[in-house]
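To convert, take the position in the sequence shown, counting from 1, and add 260; that gives this note's numbering.
What follows is one structure encoded as structure tokens, with my remarks underneath.
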Amino acid sequence: MYPPRFDYVAPTTVDEVLAVLAERGDEAKVLAGGQSLIPMMKLRFTFPELLVDVNGLPGLDAIDDADGHLRVGALVRHNDVVASDVVSRTNHTMAAAAPWISDPLVRNLGTVCGSVAHADPLGDWASVMLACGADVVARSQAGERVIPMADFISGPFTTALEPTELVTEVRVPKYAGRGGGTYLKLERKVGDYATVGVATHLDLDGGGAITNAGIALTSVAPNNIKAVEAEQALVGESPSDALFAEAAELAAGAAEPKDDVRGSAEYKRNVVRVFTRRGLTTALEHAQG
Ligand SMILES: Cc1cc2nc3c(=O)[nH]c(=O)nc-3n(C[C@H](O)[C@H](O)[C@H](O)COP(=O)(O)OP(=O)(O)OC[C@H]3O[C@@H](n4cnc5c(N)ncnc54)[C@H](O)[C@@H]3O)c2cc1C
């Protein structure tokens with residue numbers, strides 16, 4: 261199916277984008293990689309009157325290591341993360357997740373920030389960002405807002421973003437001392453969305469105790485969720501198999517999976533349990549390695 265008619269602009273500065281969004285934000289959509297927006301327009305799930313193509317904006321295609329954060333610009337593609345040395349050295353959760361996003365075509369075009377802004381409950385990046393404690397940086401003509409990822413997603417395909425705002429970057433804190441993490445994903449076939457995805461993140465102090473823990477789940481609730489009770493059970497404790505098993509049980513309890521073509525609710529809940537325990541074990545190995 262063809263999408264309904266729409267206007268198209270391709271500004272070359274962020275200020276121009278913000279001016280267009282200030283004027284027509286309610287009827288406009290930002291176009292980044294187009295890997296979610298265009299299919300949704302073709303299916304007529306969404307019909308913006310105006311597309312604001314941001315692919316010509318300079319300076320938003322880098323992953324910068326600055327001020328204790330990885331700053332992932334709005335035009336960083338999934339495959340930029342796959343190829344990034346700084347990510348592979350400094351954030352195991354992001355490095356593990358990137359190759360799992362769909363197939364090479366989608367990875368070449370789709371953006372990390374677009375995925376976060378889209379807030380598809382089956383999207384992988386939102387869980388990674390929730391587990392890592394990232395912030396979303398949004399700009400409008402009124403200024404810049406830094407929105408904690410935990411406050412950003414408010415429901416399926418729904419976020420705290422205003423129609424006048426452009427996501428300019430996602431800021432991912434670097435490990436405070438020794439840290440590690442991973443992303444585990446079960447999919448029916450290569451390139452599919454997650455049946456279940458689990459993102460994990462751990463920071464350890466000098467004595468080996470857990471100072472910070474992140475666990476977030478994909479595809480097992482109306483939107484990506486943090487397993488907060490499981491995270492809290494880990495903080496301040498010394499890592500052990502028994503502790504990870506307890507956290508895995510709490511994460512499985514936080515999931516709200518449904519029976520569908522990808523599997524039964526019971527099966528998915530058990531995958532959350534197994535992946536959380538396995539993910540925490542891998543995170544610990546990275547942190548100690
Ligand atoms: C066949 C296929 C398989 C896929 N499989 C997976 C998968 O396994 N895992 C996964 O996570 N994703 C998957 N995706 C989705 C893919 O990751 C998309 O790239 C991503 O969801 C959206 O990023 P985008 O840059 O393409 O955004 P777009 O499609 O351009 O935009 C998506 C939405 O975000 C908004 N937006 C984008 N950028 C900004 C910004 N900077 N500021 C404000 N709003 C913005 C747009 O207005 C739109 O509403 C798949 C897509 C396809 C087509």
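Here a beta-carbon is modelled for each residue, glycine too, at the ideal position from N, C-alpha and C.
Quick caveat: nothing in here was measured; it's all calculated off a predicted structure.
Residue interval of the alpha helix (DSSP H) (run including residue i)
| i | result |
| --- | --- |
| TYR527 | 525-548 |
| LEU510 | 501-514 |
| LYS434 | Taken as a continuous stretch (DSSP letters only), LYS434 belongs to no alpha helix (DSSP H), as it is neither H nor E. |
| THR353 | 352-357 |
| GLY374 | 372-378 |
| LYS302 | 297-302 |
| VAL290 | It is not in any alpha helix (DSSP H) - VAL290 instead sits in the beta strand (DSSP E) that spans 288-291. |
| VAL274 | 274-284 |
| ASP340 | 338-342 |
| VAL495 | Premise fails: VAL495 is in no alpha helix (DSSP H) and is neither H nor E. |
| MET389 | 385-392 |
Top-ranked residue by Cα proximity to residue i, from the options
| i | options | result |
| --- | --- | --- |
| PRO433 | GLY370, LEU330, VAL376 | LEU330 |
| ASP520 | ALA514, ARG529, GLY513 | ARG529 |
| THR455 | LEU303, ALA282, VAL531 | VAL531 |
| LEU365 | GLU491, GLY294, GLY316, LEU462 | GLY294 |
| ALA279 | GLN401, ASP452, GLU526, MET389 | GLN401 |
| ALA478 | GLY457, GLU491, THR272, GLU429 | Before going on, a small fix: residue 478 reads as Thr here, not Ala. Answer by Cα proximity: GLY457. |
| LEU510 | SER524, GLY474, SER498 | GLY474 |
| ALA300 | LEU462, ALA391, TYR262 | It is worth fixing the name first, because residue 300 is Met in this sequence and not Ala. Here the closest residue by C-alpha is TYR262. |
| ASP395 | VAL372, ASN315, SER362 | VAL372 |
| PRO543 | GLU506, GLU497, LEU464 | Contrary to the premise, residue 543 reads as Ala rather than Pro in this sequence. Per the Cα distances, LEU464. |
| HIS266 | GLU497, LYS302, ALA326, LEU494 | According to the sequence displayed, residue 266 carries Phe and not His. Of GLU497, LYS302, ALA326, LEU494, the residue nearest in Cα terms is LYS302. |
| GLU489 | GLU283, ALA476, VAL388 | ALA476 |
| SER500 | LEU540, ALA514, ASN472, HIS461 | LEU540 |
| ASP313 | LEU297, ASP327, ILE323 | LEU297 |
| PHE417 | GLY374, LEU426, ARG399 | GLY374 |
| ASP327 | GLU545, ARG431, TYR453 | ARG431 |
| ALA357 | LEU281, TYR443, ASN351 | TYR443 |
| THR428 | LEU310, ILE323, ARG304 | ILE323 |
| ARG399 | LEU281, ALA270, GLY415, PHE504 | LEU281 |
| GLY316 | GLU497, ASP411, TYR453, ALA292 | ALA292 |
| VAL274 | ALA459, LEU426, LEU421, HIS546 | LEU426 |
| ALA547 | ASN351, MET389, TYR453 | ASN351 |
Cβ neighbours of residue i in the same chain (closer than 6 Å, five flanking residues each side left out)
| i | result |
| --- | --- |
| PRO423 | GLY285, ASP286 |
| ALA512 | ARG529, VAL532, ARG533 |
| LEU320 | GLY333, ALA334, LEU335 |
| GLY451 | SER362, ASP363 |
| HIS461 | THR353, ALA391, CYS392, GLY441, GLY474 |
| ALA515 | LEU477, VAL480, ARG529, VAL532 |
| PRO271 | VAL277 |
Same chain, Cβ closer than 7 Å to residue i, five either side skipped, listed in chain order
| i | result |
| --- | --- |
| ALA508 | ARG533, THR536, ARG537 |
| ASN368 | ARG337, ASN339 |
| PRO359 | VAL342 |
| PRO517 | VAL480, ALA525, LYS528, ARG529 |
| PRO308 | PHE266, GLU287, ALA288, LYS289 |
| ALA493 | GLU506, ALA507, LEU510 |
| GLU491 | ALA473, GLY474, ILE475 |
| ILE413 | ALA379, ALA386, THR419, ASN483, ASN484 |
| PHE504 | ARG537, LEU540, THR541 |
| GLY415 | PRO482, ASN483 |
| SER498 | GLY468, ALA469 |
Where the beta strand (DSSP E) containing residue i begins and where it ends
| i | result |
| --- | --- |
| ILE323 | 323-326 |
| ASN472 | 470-478 |
| ARG405 | 403-408 |
| VAL397 | 395-400 |
| SER414 | 413-415 |
| LYS445 | 438-446 |
| ALA459 | 456-464 |
| ASP313 | 310-313 |
| ASP267 | 267-269 |
| ARG331 | 329-333 |
Close-in-space but distant-in-sequence residues of the same chain around residue i (CB under 8 Å, 5 per side omitted)
| i | result |
| --- | --- |
| ARG522 | ARG448, THR455, SER479, LYS528 |
| VAL269 | VAL280, LEU310, LEU311, VAL312, ASP313 |
Near ligand 2: residue i beta-carbon under 8 Å from a heavy atom
| i | result |
| --- | --- |
| ILE298 | Questions concerning ligand 2 fall outside what the structure shown contains, since the ligands it does hold are ligand 1. |
- Below 8 Å, can you find three or more Cβ-Cβ pairs linking the stretch 467-480 to the stretch 431-441? A contact exists between the stretch 467-480 and the stretch 431-441.
- Query: Touch check for the stretch 402-415 and the stretch 344-354: three-plus C-beta pairs under 8 Å?
  - Reply: no
- At least 3 beta-carbon pairs within less than 8 Å: the stretch 447-466 vs the stretch 333-343: Under the 8 Å Cβ criterion, the stretch 447-466 does not count as touching the stretch 333-343, having fewer than three qualifying pairs.
- Message: Below 8 Å, how does it come out for the stretch 367-383 and the stretch 470-484: are there three or more Cβ pairs, yes or no?
- Response: Counting Cβ pairs under 8 Å, three or more are found: they touch.
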